Amino acid sequence: MELPKDPMMLMSVINMKLRDFYSDLDSLCEDLGIDRNELEKTLSASGFEYNQELNKFW
């Protein structure tokens, strides 16, 4: 799956997938073949961080 380049769209897609299909970020990254560090770095650059308790970026 090609992920959006726009940080807002990327955060939205990732959060939707986390909410609907995955219990945690590691599962999502493993299943989709995404480098977790790169994903977090990309979203962090736009002010988003992953909250493990809520299982979403905000």
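Residue numbers for the sequence shown follow this note's numbering, so the first one is 182 and each next one is one higher.
Note that beta-carbon positions come from the ideal geometry of N, C-alpha and C, so glycine has one too.
Source: prediction; values computed, not measured.
Delimiting residues of the alpha helix (DSSP H) encompassing residue i
i    : result
M182 : Run containing M182: none; DSSP gives neither H nor E here.
N218 : R217 to S225
S208 : L206 to L213
Span separating the alpha-carbon of residue i from that of residue j
i    : j    : result
T194 : K222 : Residue identity differs from the one stated: residue 194 is Val in this sequence, not Thr. Their Cα atoms are separated by approximately 16 Å.
L213 : G228 : 23 Å
A226 : N236 : 19 Å
D187 : L220 : 12 Å
I215 : R200 : 17 Å
Residues sharing a beta bridge with residue i, DSSP
i    : result
F238 : Y231
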